[in-house]
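Enquirer:
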Amino acid sequence: LKDIKILAIESSCDETAAAVVVNGREALSNVISSQIDLHTLYGGVVPEIASRKHIENINYVIEKALRDSKCTLDDIDAIGVTYGPGLVGALLVGVAEAKAIAFAKNIPLVGVHHIEGHICANYVDNKDLKPPFVCLVVSGGHTHLVVVEDYGKYRILGKTRDDAAGEAFDKVARAIGLGYPGGPKIDKVSQNGNPHAYEFPRAKITGSEYDFSFSGLKSAVLNQINLATMKKETINQADIAASFQNSVVDSLVTRAMHALEETGMKKFAIAGGVASNTAVRKAFQEECSKRNIDFYRPSPVLCTDNAVMIGSAAYYEYINGTRHGWDLNAIPNLKL
Ligand code: KG4
Ligand code: ZN
Numbered sequence: 009l010k011d012i013k014i015l016a017i018e019s020s021c022d023e024t025a026a027a028v029v030v031n032g033r034e035a036l037s038n039v040i041s042s043q044i045d046l047h048t049l050y051g052g053v054v055p056e057i058a059s060r061k062h063i064e065n066i067n068y069v070i071e072k073a074l075r076d077s078k079c080t081l082d083d084i085d086a087i088g089v090t091y092g093p094g095l096v097g098a099l100l101v102g103v104a105e106a107k108a109i110a111f112a113k114n115i116p117l118v119g120v121h122h123i124e125g126h127i128c129a130n131y132v133d134n135k136d137l138k139p140p141f142v143c144l145v146v147s148g149g150h151t152h153l154v155v156v157e158d159y160g161k162y163r164i165l166g167k168t169r170d171d172a173a174g175e176a177f178d179k180v181a182r183a184i185g186l187g188y189p190g191g192p193k194i195d196k197v198s199q200n201g202n203p204h205a206y207e208f209p210r211a212k213i214t215g216s217e218y219d220f221s222f223s224g225l226k227s228a229v230l231n232q233i234n235l236a237t238m239k240k241e242t243i244n245q246a247d248i249a250a251s252f253q254n255s256v257v258d259s260l261v262t263r264a265m266h267a268l269e270e271t272g273m274k275k276f277a278i279a280g281g282v283a284s285n286t287a288v289r290k291a292f293q294e295e296c297s298k299r300n301i302d303f304y305r306p307s308p309v310l311c312t313d314n315a316v317m318i319g320s321a322a323y324y325e326y327i328n329g330t331r332h333g334w335d336l337n338a339i340p341n342l343k344l
């Protein structure tokens with residue numbers, strides 16, 4: 009059987025990324041050009057700046073991904089590209105680039121859902137993982153509890169009603185003066201904090217046991233800070249961070265374990281930027297081993313945005329027959 013090589017492109021937010029992936033499981037290259045330093049100046053991602061940086065960087069990133077993989081475009085079987093969800097101007101750069109290459113070289117074009125990409129990162133780092141399994145996707149824009157029924161076949165059990173988990177990390181980090189990007193910073197300072205110093209809420213949504221809500225938690229943290237300021241008390245940044253993180257971890261673990269019990273599934277995976285969080289990984293490892301559940305997670309670099317995950321998702325779409333035409337467009341609110 010001939011190997012299928014996919015050149016994958018990802019530009020949905022603030023990383024310009026390209027990779028060459030073989031048979032959905034093996035990365036021959038993984039190039040990520042991060043714009044974080046630039047957006048840090050503004051305390052968050054500025055969409056137009058992101059688009060402009062993507063267009064400046066994208067050819068270099070693709071050139072390097074091909075060079076690192078020792079491939080030329082003639083070796084490539086399909087171009088995979090994220091076409092949603094994400095920032096429209098950022099997505100358009102990747103989509104236009106993918107279409108241009110596919111058109112010029114007459115290579116099949118496969119549009120990929122960004123969240124499907126996050127889930128598929130698990131296939132690259134866990135060669136034995138096959139559907140069905142339960143997956144929790146926790147990123148800056150999404151918090152989805154999903155049953156992966158088959159390759160490319162997803163059933164959403166629950167999602168967030170307000171902020172995404174990563175968004176909560178970013179907002180709380182800003183409030184306690186840690187700055188952007190919040191997730192990795194809270195992760196780090198929490199290691200010196202007491203997770204039980206503050207009792208922050210774990211929101212439950214009546215009638216939908218699998219849905220999440222993080223905006224109340226964010227408000228509780230803000231109230232705590234305001235209260236301390238009013239009383240002229242100093243806040244312990246590490247304790248606040250650790251207690252906040254503990255509340256997020258609790259909310260994630262409770263719902264995921266409930267889903268495993270209800271579905272009877274014995275395999276569980278995490279994905280997305282927040283899946284690189286030390287406390288999240290540790291808590292799920294412990295809870296899964298208690299219950300004899302096989303726990304899968306991508307390495308931290310494949311948790312945050314990258315193109316390897318897009319190459320994996322594109323492969324499974326490709327062998328299922330998915331092909332996109334020259335009318336492929338960016339869809340900022342694309343549904344899974
Ligand atoms: O998956 P991702 O790279 O992009 C989106 O698709 O959104 O996720 C980015 C999010 C950000 O909110 C970031 O703060 C969070 O993931 N994040 C983390 C960690 N690393 C990244 N959150 C908690 N702990 C981390 N170590
Ligand atoms: Zn992402």
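FYI, the numbering for the sequence shown is 9 to 344, going by the numbering used here. Just so it is clear, CB atoms sit at the ideal spot from N, CA and C, and this is done for glycine as well.
(1) In the DSSP assignment, find the unbroken beta strand (DSSP E) run with Y91 in it and report its ends.
(2) Note the first and the last residue of the continuous alpha helix (DSSP H) segment covering V30.
(3) Does any heavy atom of the ligand KG4 sit closer than 7 angstroms to the C-beta of H122?
(4) Have a look at the DSSP bridge pairing and note the partners of K167.
(5) Straight-line CA distance for P306 to I84?
(6) Contact between the segment 132-144 and the segment 291-307: three or more CB pairs below 8 angstroms?
(7) Is it buried or exposed, F111, if we count other Cβ atoms within 10 angstroms and call 16 or more buried?
(8) Under 7 angstroms: does the beta carbon of D171 sit that close to some heavy atom of the ligand KG4?
(9) Can you tell me whether Q293 is buried or exposed, with buried defined as 16 or more other CB within 10 angstroms of its CB?
(10) To the nearest angstrom, how far is it from the Cα of K10 to the Cα of N328?
(11) Taking Cβ to Cβ, would you say A106 is nearer than 8 angstroms to I17?
(12) Which residues in the same chain have their Cβ closer than 6 angstroms to the Cβ of A205, if we skip the five residues on either side of it in sequence?
(13) May I ask which residues mark the beginning and end of the beta strand (DSSP E) holding C143?
(14) Measuring CA to CA, which of S59, I14, N67 and A283 is closest to I115?
(15) If you compare alpha carbons, which of E295, V257, D170 and H126 is closest to A322?
(16) Could you tell me how far apart the beta carbons of G88 and V132 are, in whole angstroms, since I believe they sit closer than 8 angstroms?
(17) Using the rule of at least 16 other Cβ atoms within 10 Å of the residue's Cβ for burial, across every protein chain shown, is M238 buried or exposed?
(18) Can you find the residues in the same chain that come closer than 6 angstroms, C-beta to C-beta, to A330, ignoring five residues on each side of it along the sequence?
(19) Looking at C-alpha atoms only, which residue of M273, N200, T80 and K61 is the closest neighbour of I40?
(20) Looking only at its own chain, which residues have a Cβ that is under 8 angstroms from the Cβ of D158, when we skip the five neighbours before and after it?
(21) Report buried or exposed for D178, applying the criterion of at least 16 other Cβ atoms within 10 angstroms of its Cβ.
(22) Only counting the same chain, and skipping five residues up and downstream in sequence, which positions put a Cβ closer than 7 angstroms to that of K226?
(23) Taking V146 as the reference, which of G281, A104 and S297 has the closest Cα?
(24) Under 7 angstroms from any heavy atom of the ligand SAM, does the C-beta of S307 make it?
(25) Rank I233, S255 and I164 by C-alpha distance to the C-alpha of P203 and give the top, closest one.
(26) For G52, which option in G148, L81, K167 and A73 has the closest C-alpha, if you only look at C-alpha atoms?
(27) Just confirm the distance between the C-beta atoms of G187 and T48, as a whole number of angstroms; I'd bet it's less than 8 angstroms.
(28) Taking the C-alpha atoms as reference points, what is the distance between K72 and S320?
(29) Would you kindly report the start and end of the unbroken alpha helix (DSSP H) that includes K107?
(30) Is H126 near the ligand ZN, in the sense that its beta carbon is under 7 angstroms from a heavy atom of that ligand?
(31) Output yes or no for whether 8 angstroms exceeds the beta carbon distance between V309 and A27.
Expert: Here's the rundown:
(1) A86 to G92
(2) No alpha helix (DSSP H) holds V30; the beta strand (DSSP E) holding it covers E23 to V30.
(3) yes
(4) DSSP lists H152 as partners of K167.
(5) Cα to Cα, P306 sits roughly 25 angstroms from I84.
(6) A contact exists between the segment 132-144 and the segment 291-307.
(7) exposed
(8) Checking the 7 angstroms criterion, the Cβ of D171 is out of range of every heavy atom belonging to the ligand KG4.
(9) exposed
(10) Straight through space, the alpha carbons of N328 and K10 are spaced by roughly 16 angstroms.
(11) yes
(12) Once the five neighbours on either side are set aside, the close Cβ partners of A205 are D247 and S251.
(13) F141 to V146
(14) Of all alpha-carbon atoms in S59, I14, N67 and A283, the one lying nearest the alpha-carbon of I115 is that of I14.
(15) H126
(16) Incorrect: roughly 13 angstroms between the Cβ atoms, too far for contact.
(17) exposed
(18) This sequence places Thr at residue 330; Ala is not what is there. Counting only Cβ-Cβ distances below 6 angstroms, and skipping sequence neighbours, we find V118.
(19) K61
(20) Result list for D158: P139 and P140, in chain order.
(21) By the neighbour-count definition (other C-beta atoms within 10 Å, threshold 16), D178 is a buried residue.
(22) D171, A176, K179 and V180
(23) G281
(24) With respect to the ligand SAM, the structure shown offers nothing to examine, as its ligands consist of the ligand KG4 and the ligand ZN.
(25) S255
(26) G148
(27) 7 angstroms
(28) 19 angstroms
(29) Where K107 is concerned, the enclosing alpha helix (DSSP H) starts and stops at V96 to K113.
(30) yes
(31) no
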